[in-house]
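S.K.:
Numbering (the working numbering), first residue to last: 1 to 1038.
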């Protein structure tokens, strides 16, 4: 028993299965996690090694190269990059997408262990870490109060942080800004020298005198007691009066040789929210946690914290879940709007509520069933998966329309409700199954798409496939069942409404469609009698539309207007926090003039590179008001800030929009890697290419990763003299760090808190190179030696960083885009670089988003070709012919040209989403031709003459083809407009499908019938020739 027959004969059973699917889907919907994009594990890990005081060239030779050579043998390796700078080496290992990073990190540790013994003894143990983009701050909160910032920071750290840390899904909570209390011990170098003491002696004395240690157990009668030595500092005064033993005889009080006071640590960071000093609280989620859920939990806890601490003002600076929720709501609204438009089209054609309900029910049932399939396959609700549903929403009624129209036809021929429902569904079952399979088939080559694109393609593929298969099941079961129950004879024969209002409008629309029907019937007779003219006209339209391809730009991924951008300010190394703050305040003044701003979160003193706190690196994060409340886009506002920031000299300032791909490729839009051996030559080439790029319109913030050395005081240790006193270079470096920067000697307990006790030399040492020479270094013999006796002190510039890509020295030049697409800018840069002569042994290569785009397009093009091949195979099986599939597939090139024309007319670039739309188009546009050709074959099999069958099939299928096309187009229209948050991702896909389907349908209605007859004539001639020469004998069909 086939599906239509079973559903009509057992309507209650069909209804119960439908309700089960709806029930499971509804429960699944509320259990599906919500996020902006699919979860992504970036296949990147790093190795970090510290080696104090060692220059970049030595770091490269002693540390970086041995590690690179060993790590280059790990499996699934894509790229290996290294950054050798003074005292530090970082190696970034990039793997192919899909690599198991837990296993990869384990293999990396094994490779590192193999060469660990060859590394210098004084170097730190190599640290291997995975990069986890999912473990990111989801909420940033600013806390301000009338109390001192140091007191506020202590309160936040002691009483508030733990409340956020224990929430489910929270990985860590960090605090920035504010002052931190410490005990400052500033030694007088002259007095210290007079007593023959070094800073190491003071540090050791503080540690030795501040302890709380167990001493075992003693018995006193029948009781056992613990023995504990308690000699902890209880106050600053006690530290101040600490006796320090001299090397000879005698004692000196710490207060006699140092200033001891309670104060604040030197600040390395500042935080401001909307221009007001604050404490920044950044809450990071666990990699597997859901952003929306974590943010919701944090905000609920924040509400409770506000009640417990009314003296503190808490302001949410940024909340990642806001954009996610707005984007999901907007895409959902677009999908609902598209669905409603599709239902309106159905009503206009079907002219009664019952018929519209029968077909329209396919949309909610298919979508809800899709939610169940998504849940069981581990997918999430995100922009990509919802976009797939929204893209397919207009197509969900296509199969049901074809079925119901055929049922109508059988009812008009006098069949009973049940007979018409079964016969009508059975007649088109193979055609709609084949058309659904062709649409589904285009997603099979996903296995050949790699990298970031595959992750995006996978989510979209599953949702479209699930929804279309669900709609096919509905068309073959629910639609025949409902038609057999509620479709009355009168509703078929009496299609006119009397009166005014909606009835009159329906009559006018019906008269218009009838007129178009009549014109189309005449058009079919005309094109069949003027086949050559028709073919030439179609070819002319195709060629004309393909000209637009040359004018369509290219980009990797369209920008989502998240309403956020970041200004990064980098000043020369060594710039004080105060000076860095002055630059930040100038940026804040520029931002203050932006009427669309909502919140401004400034952080002075950020993280540079890997685990290096730097006062010369700062950021200003700007959140704008909702997109509907502003006339300008984030991109336009960013351009304004860039222009104004150009006038600020002395700092490198970059302005970047918040990335829509918090998961995927980031960095410069255009990046050129220059490879060679000599650093100075590489710098020169980099400077030349930098100037070339700056002269190309559409580039912005062009810069290279080379920089001049920063000014420094160099201490060159005389190893012979130092070894005479038993002192190593490492001990000299430690003593210098303690004297100038200060060192934590111990802690002072005050209640439940512990305050660091920091020892350093006073400002006279820090402000004078001559005074630095008097710093005493403790030797193994117990004597102290002045630094000037064993080292030379002078001025110089710090060496620059050495970058290596795949074990070759490299300089990178990068640029952002401004007002032009990636492809056109890159093409112009490439044209200009062709005239640039590189020295022998040096080369360059485009990287960044340009490389990501080309790799993605290459994979997607392969998927497109394979999709077309698979579609042909399905059609060949459907028609049991090798020729008829070619007739159907001639609609594909017209669709592709229409898609590119739509991109050109809307000013959109070819991107990954647009290319996915092209692939979808190949499976969608053949559906109309399948329905038409299948019916032609059926009529001919019943004995009808060919041309008569072509005209009859065209006239009969014209209305359902028009209905399915209009429902698909109008269902996609809200997405194609690209209005609102999260719409930029789906808009290119929808635009391509609308353009391609529109042009293809117009040409299919006239061109495909002509091509069918031409191919049929060729088939007859080929068969006749084959029979004449004896190749085949009386064979029907080719």
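Glycine residues also receive a C-beta, built at the ideal position from the N, C-alpha and C atoms.
Note that the structure is predicted; figures quoted are calculated from it, not measured.
Verify whether the separation of the beta carbon atoms of residue 289 and residue 140 is less than 8 Å.
M.R.: For residue 289 and residue 140, no; Cβs fall outside 8 Å.
S.K.: Tell me which residue opens and which closes the alpha helix (DSSP H) that residue 922 is part of.
M.R.: Residues 912-924.
S.K.: Tell me, to the nearest whole angstrom, how far the beta carbon of residue 417 is from that of residue 484; I am working on the premise that it is less than 8 Å.
M.R.: Yes, residue 417 and residue 484 are in contact; Cβ-Cβ is about 5 Å, under 8 Å.
S.K.: If you compare alpha carbons, which of 338, 527 and 741 is closest to residue 974?
M.R.: Of the candidates 338, 527 and 741, the one whose C-alpha sits nearest the C-alpha of residue 974 is 338.
S.K.: Check whether the Cβ atoms of residue 12 and residue 44 lie closer than 8 Å to each other.
M.R.: Not closer than 8 Å, so no.
S.K.: Might you give, ordered along the chain, the residues of its own chain that have their beta carbon closer than 6 Å to the beta carbon of residue 349, omitting 5 neighbours on each side?
M.R.: Closer than 6 Å at the Cβ level, and outside the excluded window around residue 349, lie 963.
S.K.: Taking 7 Å as the cut-off, is the C-beta of residue 971 nearer than that to any heavy atom in the ligand FMN?
M.R.: For the structure depicted, the ligand FMN is absent and the ligand set is empty, with no information on it obtainable.
S.K.: What does the alpha-carbon distance come out to for the pair residue 346 and residue 356?
M.R.: When rounded, the distance between both Cα atoms is 6 Å.
S.K.: In chain order, what residues of the same chain lie with their CB nearer than 8 Å to the CB of residue 656, ignoring the 5 residues before and after it?
M.R.: The answer, listed in chain order, is 565, 566, 568, 638 and 816.
S.K.: Which residue wins for smallest C-alpha separation from residue 991, given the options 1005, 969, 123 and 1009?
M.R.: Residue 969 is the option with its Cα nearest to residue 991.
S.K.: I need the boundaries of the alpha helix (DSSP H) containing residue 308, first residue and last residue.
M.R.: Start and end: 291-308.
S.K.: Can you list, in chain order, the stretches of the alpha helix (DSSP H) that have 4 or more residues and sit fully within the segment 843-896?
M.R.: The qualifying runs are 848-879 and 884-889.
S.K.: Applying the criterion that 16 or more other CB atoms from any shown protein chain within 10 Å of the CB defines a buried residue, is residue 303 buried or exposed?
M.R.: Residue 303 is exposed by the Cβ-count criterion.
S.K.: Who are the near neighbours of residue 775 in its chain, counting only those whose CB is closer than 6 Å to its CB and skipping five residues on each side?
M.R.: 739 and 787.
S.K.: Where does residue 946 fall in DSSP's three states?
M.R.: Here residue 946 sits in helix by DSSP.
S.K.: Is residue 673 buried or exposed, if buried means 16 or more other CB atoms sit within 10 Å of its CB?
M.R.: Its Cβ being crowded by 16 or more others within 10 Å, residue 673 is buried.
S.K.: Could you name each continuous beta strand (DSSP E) segment of 3 residues or more that falls completely within the segment 86-123, going from the start of the chain to the end?
M.R.: List check, beta strand (DSSP E) in window: 88-95.
S.K.: Can you give me the C-alpha to C-alpha distance between residue 49 and residue 804, rounded to a whole angstrom?
M.R.: Each residue's Cα considered, the two are about 16 Å apart.
S.K.: Suppose only complete runs of 4+ residues qualify. What are the alpha helix (DSSP H) ranges in the segment 501-538, listed by chain order?
M.R.: List check, alpha helix (DSSP H) in window: 502-529.
S.K.: By how many angstroms is the C-alpha of residue 702 removed from the C-alpha of residue 693?
M.R.: The alpha-carbon atoms of residue 693 and residue 702 are separated by roughly 7 Å.
S.K.: CA-CA distance, residue 948 and residue 543?
M.R.: Rounded to the nearest angstrom, the two C-alpha atoms are 31 Å apart.
S.K.: Does the segment 163-175 come close enough to the segment 230-247 that 3 or more CB-CB pairs lie under 8 Å?
M.R.: Touching, no, given that fewer than three Cβ pairs across the two stretches are closer than 8 Å.
S.K.: So, residue 580 versus residue 621, is the Cβ gap smaller than 8 Å?
M.R.: Not closer than 8 Å, so no.
S.K.: Do residue 397 and residue 480 have their C-beta atoms within less than 8 Å of each other?
M.R.: No, Cβ-Cβ distance for residue 397 and residue 480 is not below 8 Å.
S.K.: Take the Cβ of residue 981 as the centre, count every other Cβ of all protein chains shown within 10 Å, and call the residue buried at 16 or more, exposed below.
M.R.: Buried is the call here.
S.K.: Go to residue 738, then tell me how far its alpha helix (DSSP H) extends in each direction, as first and last residue.
M.R.: No alpha helix (DSSP H) contains residue 738, which DSSP labels as neither H nor E.
S.K.: Pull up the DSSP beta-bridge partners for residue 457, would you.
M.R.: Residue 457 is not bridged to any residue.
S.K.: Can you list, in chain order, the residues of its chain whose CB lies under 8 Å from that of residue 1039, leaving out five sequence neighbours each side?
M.R.: The requested residue 1039 does not occur in the structure, where the chain is confined to residues 1 to 1038.
S.K.: Would you check if the segment 881-893 and the segment 926-941 touch, i.e. whether three or more CB-CB distances between them fall below 8 Å?
M.R.: Yes: the two stretches touch, three or more of their Cβ pairs being nearer than 8 Å.
S.K.: At what residues does the beta strand (DSSP E) containing residue 675 begin and finish?
M.R.: Where residue 675 is concerned, the enclosing beta strand (DSSP E) stretches over 670-675.
S.K.: Residue 128 and residue 143 look like a contact to me (Cβ under 8 Å); what is the Cβ gap, rounded to whole Å?
M.R.: Contact doesn't hold; Cβ gap of about 35 Å is too wide.
S.K.: Exposed or buried, residue 840, counting other C-beta atoms within 10 Å across all chains shown (16 or more means buried)?
M.R.: Counting Cβ neighbours within 10 Å, residue 840 comes out exposed, since fewer than 16 surround it.
S.K.: With DSSP as the reference, identify every bridge partner of residue 756, one or two as the case may be.
M.R.: Residue 756 pairs with 182 and 747.
S.K.: What is the residue span of the alpha helix (DSSP H) that residue 376 lies within?
M.R.: It spans 362-376 - the alpha helix (DSSP H) in which residue 376 sits, taken as one unbroken run.
S.K.: Under 8 Å, with one C-beta from each stretch per pair, do the segment 305-318 and the segment 151-164 reach the 3-pair mark?
M.R.: Touching, yes.
S.K.: Over what stretch of residues does the beta strand (DSSP E) that includes residue 272 continue unbroken?
M.R.: That run of the beta strand (DSSP E) goes 270-273.
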